[in-house]
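Below is one structure; the comments refer to it alone.
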Amino acid sequence: MFKDQADLSAEEREARAAARTATNIGAAAGVAGAGAVTVAAGASGAAIMSTLAGIGGVVGGGAIAGTAIVAAAPVAVAAGIGYGIYKLFGGGKRK
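Heads up, our numbering is the position in the sequence shown plus 23, with the first residue counted as 1.
Shown next as structure tokens:
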């Protein structure tokens, strides 16, 4: 998404590098957070399914919808963080 290209300006390349780093950190934190939300230490299968069903219930679904949300949320958050850092560091400006 924020691939380095030699023909870009130094500012754009720095913004992309910062965005790549932030996206990776955001993804790792998101995956860890998603795991913590669904699986508490010593939680039973019923408790995990109940948590997933509760999360899925927010969008009118059940445990399957909750699983999809928990799986997709870290990706969306990481992409948002990466894009925000990219813009913060001056990425996307026209010459």
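By construction, the Cβ of each residue, glycine as well, lies at the ideal position given by its N, Cα and C atoms.
Taking C-beta atoms as the reference points, Gly115 and Ala42 fail to come closer than 8 Å. Membership of Ala95 in the alpha helix (DSSP H) is indicated by the continuous run Ala86 to Leu111. Three or more beta-carbon pairs separated by less than 8 Å link the segment 39 to 54 to the segment 92 to 106, which places the two stretches in contact.
For Ser73, the uninterrupted alpha helix (DSSP H) segment begins and ends at Gly68 to Gly80.
In the structure shown, Val62 falls within a coil segment according to DSSP collapsed to helix, strand and coil.
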